[in-house]
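Undergrad: Questions regarding the structure given below will be posed in turn.
Residue numbers (the numbering used here): 661 to 838.
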């Protein structure tokens, strides 16, 4: 019963967001744009964040280790929420739903809601910036590009990205109280 309500809600959202998905997806019609955002998406698979978590303790042994452990804990909690939502709220990806939206890169899993790349990028950025605010130009830029890449590549609806960002923000902010 609950799943049917979510499916009906997603159907309405899909219709409302189709034009926006198509607009962003067609930005990838230029080969270098699609390749750039495919690279950004791959970076968002975790590689960038894992490298950052390794570099921080090397560059700043005490605070860097604390920051890395904090990011890892937040990442694990985000992963649990992400898996729970993805596996229960099975929203079809835009490129699978609409013929006029192209898949720019292979997805990591079957479903669209929420954007795990965005969820993790936002959460990691908030935590990392609480320790190293001087990284904000780099981390905010990468996070925004990761979020944008998911829609340009036809893998997510804008609402998937928005909800992923909201969840990532909530988890990161709540982590400062524990």
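The beta carbon of each residue, even a glycine, is placed where N, CA and C say it ideally should be. Owing to the predicted nature of the structure, the values given are computational and were not obtained by experimental measurement.
#1: Is it a yes or a no for the stretch 755-775 touching the stretch 675-691, going by three-plus beta-carbon pairs under 8 Å?
#2: Give a yes or no on whether the C-beta atoms belonging to residue 745 and residue 774 are separated by under 9 Å.
#3: Can you tell me which residues form a DSSP beta bridge with residue 771?
#4: Within 10 Å of its beta-carbon, does residue 783 have 16 or more other beta-carbons around it, so buried, or fewer, so exposed?
#5: In or out: residue 819 buried (at least 16 other Cβ within 10 Å) or exposed?
#6: From residue 749 to residue 821, what does the alpha carbon distance come to, in whole angstroms?
#7: For the putative contact between residue 833 and residue 802, defined by C-beta atoms under 8 Å, what is the C-beta separation to the nearest angstrom?
#8: Using 8 Å for Cβ pairs, my map puts residue 829 next to residue 807. What's the rounded Cβ distance?
#9: Could you tell me if residue 672 is buried or exposed, where buried requires 16 or more neighbouring beta carbons within 10 angstroms of its beta carbon?
#10: Classify residue 720 as helix, strand or coil using the three-state DSSP reduction.
#11: Is residue 842 near residue 805, with beta carbons less than 9 Å apart?
#12: Between the Cα of residue 674 and the Cα atoms of 707, 737, 776 and 754, which residue gives the shortest distance?
#13: Using a 10 Å radius around the Cβ and a threshold of 16 neighbouring Cβ atoms, would you call residue 796 buried or exposed?
#14: Quick one: Cα of residue 742 to Cα of residue 772, how far?
#15: For residue 709, which residues of its own chain have a beta-carbon under 8 Å away from its beta-carbon, when the five flanking residues on both sides are left out?
#16: Rounded to a whole number of angstroms, what is the C-alpha to C-alpha distance between residue 776 and residue 683?
TA: On the basis of the coordinates in this document:
#1: yes
#2: What you label residue 745 is simply residue 85 of the chain shown in a count that begins at 1. What you label residue 774 is simply residue 114 of the chain shown in a count that begins at 1. Yes, they are a contact pair.
#3: To locate residue 771, count along the chain shown from 1; it is residue 111. Beta-bridge pairing links residue 771 to 752.
#4: By one-based count along the chain shown, residue 783 stands at place 123. Flag for residue 783 reads buried.
#5: Within the chain shown, residue 819 is the residue found at index 159, counting from 1. Buried, by the Cβ-count rule.
#6: Walking along the chain shown from the start, residue 749 turns up at place 89. Walking along the chain shown from the start, residue 821 turns up at place 161. Taking the straight line from one Cα to the other gives about 15 Å.
#7: Within the chain shown, numbered from 1, the residue matching residue 833 stands at position 173. Within the chain shown, numbered from 1, the residue matching residue 802 stands at position 142. About 20 Å separates the two Cβ atoms, so there is no contact after all.
#8: Taking the first residue of the chain shown as position 1, residue 829 is located at position 169. Taking the first residue of the chain shown as position 1, residue 807 is located at position 147. Incorrect: roughly 12 Å between the Cβ atoms, too far for contact.
#9: Position 12 of the chain shown, counting from 1, holds the residue named residue 672. With fewer than 16 Cβ atoms within 10 Å of its Cβ, residue 672 is classed as exposed.
#10: For this step, residue 720 is matched to residue 60 along the chain shown. Here residue 720 sits in coil by DSSP.
#11: The requested residue 842 is not part of the displayed model; the chain covers only 661 to 838.
#12: As a position in the chain shown, residue 674 is number 14, starting the count at 1. Nearest of 707, 737, 776 and 754 to residue 674, Cα basis: 754.
#13: The residue given as residue 796 occupies position 136 in the chain shown. Exposed is the call here.
#14: Here residue 742 refers to the residue found at position 82 of the chain shown. Here residue 772 refers to the residue found at position 112 of the chain shown. The straight-line gap from Cα to Cα measures roughly 11 Å.
#15: Residue numbering aside, residue 709 sits at position 49 when the chain shown is read from its first letter. These residues qualify, in order along the chain: 731, 735, 780, 781 and 784.
#16: Taking the chain shown and counting its residues from 1, one reaches residue 776 at position 116. Taking the chain shown and counting its residues from 1, one reaches residue 683 at position 23. Cα to Cα, the separation comes out at about 22 Å.
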